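Visitor:
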Amino acid sequence: MRDTHCDYSGDRDEALVAYLYDDIDPAARALFDAHLTTCAACRDELSGLAGVRARLGRWLPPERQPAAASRSSPATSHQSPATRRTWWREIPAWAQAAAALLFLGVAAGIANFDARYDSSGLSVRTGWSKRAESAVPAPVRGPETNAPWRSDIAALEQRLRAEIGRSNNAGTTLASVATRPDRPAAALDAETLGRVRSLIGDSERRQQRELALRVAEIMRDVNAQRQADLVKIDRSLGLMQNNAGMEVLKQRELLNYVLRTSQRQR
């Protein structure tokens, strides 16, 4: 009967694994070689581990068989993996892109998405629809005579037309004065200067009126804000006075209470 007792002084399992995978320093390897010559148990276990390592190195995972292969014909079961590719993988990329665009076009044609927003509201239609034989114009909505902003637009339009008319008249007057050949140059210069001064005066008066109007509006806004601020200040002062009065009343009541208490103690 073989002796299975091992008297190795170090970690026996770690030494066996390191010796098997050649992951041990030369000094420890020489020491373990000397131990193997006298220990049958370590030799047997090392040979067993080497055999397991060799079998694991020769082992290959089995090929996976698809479930549909059992129902396929014998002719198709022996095809190589390269021939089992799906048919759409073999189509060129440009053909796949063309097919996708065609599919999108057909889908859009079938859906026939039509969205309109008119006086009757928002309408959305899908599916095939018959085109009208003659285009029917959409009803034109009449102008809203009761809109409040139309009067403002009309007034602004009149003002712009008046300003443009005055500018055109001034330009026409200057041009006519400059092109009169029957007057001397001094008279033309004096008349032109007078008209220019008149136009400048009119422009200054308009600007002064506009400035006065703007200043009046600003002063009105300032006065309104001032009145609002005064009201707020008055309310704040009233609240402060009320609070101060309440505090004075509390102090008086406290003082009276102290006086009454001191008189009772006497």
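Sequential numbering from 976 applies to the sequence shown in this note's numbering. Glycine is no exception: its CB is placed at the ideal position from the N, C-alpha and C atoms. The model shown is predicted, which means the values in this text are computed figures rather than measured ones.
Where do the N-terminal and C-terminal ends of the alpha helix (DSSP H) with Gly1026 fall, by residue?
Guide: In the sequence shown, residue 1026 corresponds to position 51, counting from 1. Gly1026 -> alpha helix (DSSP H) spans Ala1015 to Arg1033.
Visitor: Taking Tyr983 as part of the alpha helix (DSSP H), name the residues at either end of that continuous run.
Guide: Numbered from 1 along the sequence shown, position 8 holds the residue referred to as residue 983. First-last for Tyr983: undefined, no H or E at that position.
Visitor: Quick one: any contact between the region 980-990 and the region 1006-1026, if contact means 3 or more CB pairs under 8 Å?
Guide: yes
Visitor: Measure the C-alpha to C-alpha separation of Ile1208 and Ser1173 and round it to an integer number of angstroms.
Guide: Taking the first residue of the sequence shown as 1, we reach residue 1208 at position 233. Taking the first residue of the sequence shown as 1, we reach residue 1173 at position 198. The straight-line gap from Cα to Cα measures roughly 51 Å.
Visitor: Determine the burial state of Tyr1232: buried for a count of at least 16 other Cβ atoms within 10 Å of its Cβ, exposed for fewer.
Guide: Taking the first residue of the sequence shown as 1, we reach residue 1232 at position 257. Tyr1232 comes out exposed.
Visitor: In this structure, how does DSSP classify Asp1177 when only helix, strand and coil are distinguished?
Guide: The residue labelled residue 1177 in the question sits at position 202 within the sequence shown. Note: Asp1177 maps to helix in three-state DSSP.
Visitor: Identify whether Ile999 lies in helix, strand or coil by the three-state DSSP scheme.
Guide: Walking along the sequence shown from the start, residue 999 turns up at place 24. Coil, per DSSP.
Visitor: To the nearest angstrom, how far is it from the Cα of Arg1201 to the Cα of Ser1211?
Guide: Here residue 1201 refers to the residue found at position 226 when the sequence shown is read from its first residue. Here residue 1211 refers to the residue found at position 236 when the sequence shown is read from its first residue. The alpha-carbon atoms of Arg1201 and Ser1211 are separated by roughly 15 Å.
Visitor: Buried or exposed: which applies to Tyr996, given that a residue is buried once 16 or more other Cβ atoms fall within 10 Å of its Cβ?
Guide: Position 21 of the sequence shown, counted from the first residue, corresponds to residue 996. So Tyr996 ends up on the exposed side.
Visitor: Report the rounded CA-to-CA distance for Leu1188 versus Asp1127, giving the unit in angstroms.
Guide: Mapped onto the sequence shown, residue 1188 falls at position 213. Mapped onto the sequence shown, residue 1127 falls at position 152. About 18 Å.
Visitor: If you draw a straight line from the C-alpha of Glu1138 to the C-alpha of Leu1168, how long is it?
Guide: In the sequence shown, residue 1138 corresponds to position 163, counting from 1. In the sequence shown, residue 1168 corresponds to position 193, counting from 1. Taking the straight line from one Cα to the other gives about 22 Å.
Visitor: Label Ala1002 either buried or exposed according to how many other C-beta atoms from any shown protein chain fall within 10 Å of its C-beta, with 16 as the threshold for buried.
Guide: Looking up residue 1002 in the sequence shown gives position 27. It is exposed - the Cβ of Ala1002 has fewer than 16 other Cβ atoms within 10 Å.
Visitor: Grouping DSSP H, G and I as helix and E and B as strand, with all else coil, what is Thr1274?
Guide: Outside the modelled stretch of the chain, which goes from 976 to 1241, sits residue 1274, for which no answer is possible.
Visitor: By Cβ distance below 8 Å, which residues in the same chain neighbour Tyr994 in space, the five residues on each side in sequence not counted?
Guide: Counting from 1 along the sequence shown, the entry for residue 994 is found at position 19. For Tyr994, where only same-chain residues beyond five positions count, the Cβ hits under 8 Å are Arg1004, Phe1007 and Leu1021.
Visitor: Rounding to the nearest angstrom, what Cα-Cα distance links Arg987 and Ile999 in this structure?
Guide: Residue mapping note: residue 987 aligns to position 12 of the sequence shown, counting from 1. Residue mapping note: residue 999 aligns to position 24 of the sequence shown, counting from 1. Each residue's alpha carbon lies about 13 Å from the other.
Visitor: Give me the Cα-Cα distance between Val1206 and Thr1236, rounded to the nearest whole angstrom.
Guide: Locating residue 1206 in the sequence shown gives position 231, where the first residue counts as 1. Locating residue 1236 in the sequence shown gives position 261, where the first residue counts as 1. Answer to the nearest angstrom: the Cα atoms are 45 Å apart.
Visitor: Cβ of Asn1024 within 8 Å of Cβ of Leu991?
Guide: Translated into positions along the sequence shown, residue 1024 becomes position 49. Translated into positions along the sequence shown, residue 991 becomes position 16. Checking the displayed sequence, the identity of residue 1024 turns out to be Leu instead of Asn. Cβ distance < 8 Å, so Leu1024 and Leu991 count as in contact.
Visitor: What is the rounded straight-line gap between the Cα of Val1171 and the Cα of Asp1196?
Guide: On the sequence shown, position 196 is the one that residue 1171 refers to. On the sequence shown, position 221 is the one that residue 1196 refers to. Roughly 37 Å separates the two Cα atoms.
Visitor: Tell me whether Ala1113 is buried or exposed, calling it buried when 16 or more other Cβ atoms sit within 10 Å of its Cβ.
Guide: Numbered from its first residue, the sequence shown carries residue 1113 at position 138. Legend: pLDDT at Ala1113 = 48, less than 50; position of this residue unreliable, value from coordinates given subsequently. Ala1113 is exposed by the Cβ-count criterion.
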